[in-house]
Amino acid sequence: MTAPKTLTGEHGGLATLVRAALPAVPGVNRLPGIRKGLARDFTGLAYSREAVVVERARVDAYAAVCGFPRRDVVPVTFPHLLAFPLHMAIMSDADFPYAAIGMVHVENAITAHRAIGVGEALDVTTSVATPRPHARGVLLDFTTTVSGEGRTAWESTSTYLRRGRSVDGDAAQGLEVPDPPTGGVEWRLPADLGRTYAAVSGDANPIHLHPLTARALGFPRQIAHGMWTLARSVAAIENRLPDAVTVEAAFKKPVLLPSTVRYAAGQDDAGWTFAMTNPKDGSPHLLGRTTPA
1 MTAPKTLTGE HGGLATLVRA ALPAVPGVNR LPGIRKGLAR DFTGLAYSRE AVVVERARVD
61 AYAAVCGFPR RDVVPVTFPH LLAFPLHMAI MSDADFPYAA IGMVHVENAI TAHRAIGVGE
121 ALDVTTSVAT PRPHARGVLL DFTTTVSGEG RTAWESTSTY LRRGRSVDGD AAQGLEVPDP
181 PTGGVEWRLP ADLGRTYAAV SGDANPIHLH PLTARALGFP RQIAHGMWTL ARSVAAIENR
241 LPDAVTVEAA FKKPVLLPST VRYAAGQDDA GWTFAMTNPK DGSPHLLGRT TPA
């Protein structure tokens, strides 16, 4: 893998979405600058952002949407927002062999090594290596490191599934949460949740915004962001987690909007487990666990 490419400014908005969508358009995807490279030639790609300031207004807006209290340190899931522009830069890069449209976020693992303060300036690097085999295609791990004060403060791996031809090797078993908690509380999620979260996160994927745009991409109506379901789940137990913590989650069935979901969490000797499910049939939307880091 070559040295990280430097990303300046905020990589997002309509221009980024258009650029990310073009490789999925037949004919257009053969044009120079849009045409993707071959998967067999892909050896990895990385992007970085330097001195990204954690802004109070954005942290507060994110906390309000996801259910966290207002504090002088950021929610454990917040640094994903700083990494997301790098995810989009990688997916939009001609050297990345897959179109961004069709990439499905299936798992996320976060390790916070310490609390990150509002106002800190952080260096953020995201890299992706060669794909891993999966029964329905390939898995791509987007690994992010957030550094401040000369040391790593936060790390994450966002795993995306790209359906289609797989690669050689044995498929690894995904995250398992044996005996997920049951019972809990019900949350009513509004129709505009995707738009509200997009406004603070920068993730304006059309599947989250309106019924029409979601249907164009194969969903009956808009769906909640997976990272919102994770953030909201963590927010419910945030005051019982240590500053140094690992949070892992598997995204299962999409959450259609509007809808009602059931949330439950339980503690054992290893940490917390949590689940967001469909209250009608118990099918999981998200399963997760936390352990001290």
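Letter by letter, the sequence shown follows residues 1 to 293 in UniProt numbering. All C-beta atoms in this analysis are idealised placements derived from N, C-alpha and C, irrespective of residue type, glycine included.
Coarse secondary structure for V247, derived from DSSP in three states
Secondary structure of V247 (DSSP, three-state): strand.
How close, in whole Å, do the beta carbons of W154 and H105 come, if the pair is a contact with beta carbons under 8 angstroms?
About 18 angstroms; that fails the 8 angstroms criterion.
Out of A250, P75, S201, which one is the CA nearest neighbour of A244?
Cα-wise, what sits closest to A244 is P75.
Going straight from the alpha carbon of V247 to that of G288, what length do you get?
Approximately 7 angstroms, taken between the alpha carbons.
When the distance is taken between beta carbons, is S48 closer than 9 angstroms to T111?
S48 is positioned such that its CB atom lies no closer than 9 angstroms to that of T111.
Within 10 angstroms of its Cβ, does A3 collect 16 or more other Cβ (buried), or is it exposed?
Of the other Cβ atoms in all chains shown, fewer than 16 fall within 10 Å of the Cβ of A3; this residue is therefore exposed.
Using only the alpha-carbon positions, how far apart do A121 and D95 sit?
Each residue's Cα considered, the two are about 29 angstroms apart.
List the endpoints of the continuous beta strand (DSSP E) containing R70.
From DSSP, R70 is part of no beta strand (DSSP E); its letter is neither H nor E.
Simplified DSSP state of H239, which is helix, strand or coil:
The question names His, but residue 239 is Asn in the sequence shown. Of the three classes helix, strand and coil, the one that applies to N239 here is helix, per DSSP.
Under 9 angstroms, do A204 and A198 count as touching if we go by C-beta distance?
Result yes, Cβ atoms of A204 and A198 sit closer than 9 angstroms.
Hey, is the stretch 207 to 226 in contact with the stretch 56 to 67, meaning 3+ C-beta pairs nearer than 8 angstroms?
Short answer: they don't touch.
Could you tell me which uninterrupted alpha helix (DSSP H) segments, each at least 4 residues in length, are contained entirely in the stretch 54 to 103, listed from first to last along the chain?
As far as the stretch 54 to 103 is concerned, its whole alpha helix (DSSP H) runs of at least 4 residues are 56 to 66, 79 to 92.
Name the DSSP bridge partner or partners of W154?
In the DSSP assignment, W154 forms a beta bridge with A112, V146.
For G117, name the three-state secondary structure that DSSP assigns.
Of the three classes helix, strand and coil, the one that applies to G117 here is strand, per DSSP.
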